[in-house]
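Undergrad: My numbering applies: residue 427 is where the sequence shown begins, and numbers increase by one.
Just so it is clear, CB atoms sit at the ideal spot from N, CA and C, and this is done for glycine as well.
Every value quoted in this text rests on a predicted model; they were computed, and no experiment measured them.
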Amino acid sequence: MPKPQFDKLLTRQDFYTGLVTIGVGVIGLLDIAYGNWRPGPGLGPHAFPQLAYITLLCAGAVIIIEALFGKSDAKPDSLRAVLSTGIALVAIGMGMFWAIGKLGFMVSVSITLIGASFLLTRNPLHHWPTTIVVPVVATGVIWLLFVQLINVPLPRGMLF
């Protein structure tokens, strides 16, 4: 079993990704518990936000554990590169929330996921199936799950 690498943890992008993921999950669960939103009785579409936030907490914990026990020969990223990537991801996310009402769910989420994939992939054009095709397919699957299966309308814009 590999030894934990505490000395290189702060220079790994995965560590910060895990922290942000856990932070979003905690804020979401606190908003459900103390905010204006209240879950309905039983399990149904109204329980989805709780399940999503719990999934984010678990995913963030797994990401941090993998960063802690990552390969010792992997070159750590510079702190500046990690922070600039994080700021760029936040900007892309904010752009999605601005564009979702204008362009619609399908277009804005696809562009957001493609942009995030380009940022997080070392050679994005070499790995075009994962940086372009997977985000578009994932957006389509999300649309099918929400609109067709659980009958939750998603924002429509000028395009879709």
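1) Have a look at Gly461, Asn462 and Thr481 and flag the residue whose alpha-carbon is nearest the alpha-carbon of glycine 451.
2) Taking the alpha helix (DSSP H) that lysine 429 belongs to, which residues open and close that run?
3) Rounded to whole angstroms, what's the CA-CA distance from glycine 530 to tyrosine 460? Just pull it up for me.
4) Taking the alpha-carbon positions, what's the glutamine 574 to leucine 505 distance?
5) What is the residue span of the alpha helix (DSSP H) that leucine 574 lies within?
6) For tyrosine 479, which option in Met532, Glu492 and Thr447 has the closest C-alpha, if you only look at C-alpha atoms?
7) Please check the pair leucine 493 and phenylalanine 441, which I expect to be a contact at CB under 8 angstroms, by giving their CB distance rounded to whole angstroms.
8) Measuring only the C-alpha atoms, how far is leucine 551 from asparagine 462?
9) Using a Cβ-Cβ cut-off of 8 angstroms (strictly less than) and excluding sequence neighbours within five positions of threonine 547, which residues of its own chain qualify?
10) Rounded to whole angstroms, what is the Cα-Cα separation between leucine 580 and isoleucine 568?
11) Three or more C-beta pairs closer than 8 angstroms, one from the region 484-492 and one from the region 511-524: is that the case here?
12) CB-CB under 8 angstroms to alanine 517, same chain, minus the five flanking residues each way: which ones, in chain order?
TA: In terms of the structure at hand:
1) Thr481
2) Taken as a continuous stretch (DSSP letters only), lysine 429 belongs to no alpha helix (DSSP H), as it is neither H nor E.
3) 30 angstroms
4) 43 angstroms
5) Note on identity: in this sequence residue 574 is glutamine, with leucine being the wrong assignment. Neither: glutamine 574 is in no alpha helix (DSSP H) and is coded neither H nor E.
6) Thr447
7) First, the residue type needs correcting, since residue 493 is alanine and not leucine in the sequence shown. Correct: roughly 4 angstroms between the Cβ atoms.
8) 44 angstroms
9) His553, Thr556 and Thr557
10) 10 angstroms
11) A contact between stretches requires three or more CB pairs, one per stretch, nearer than 8 angstroms, and the region 484-492 fails this requirement with the region 511-524.
12) none
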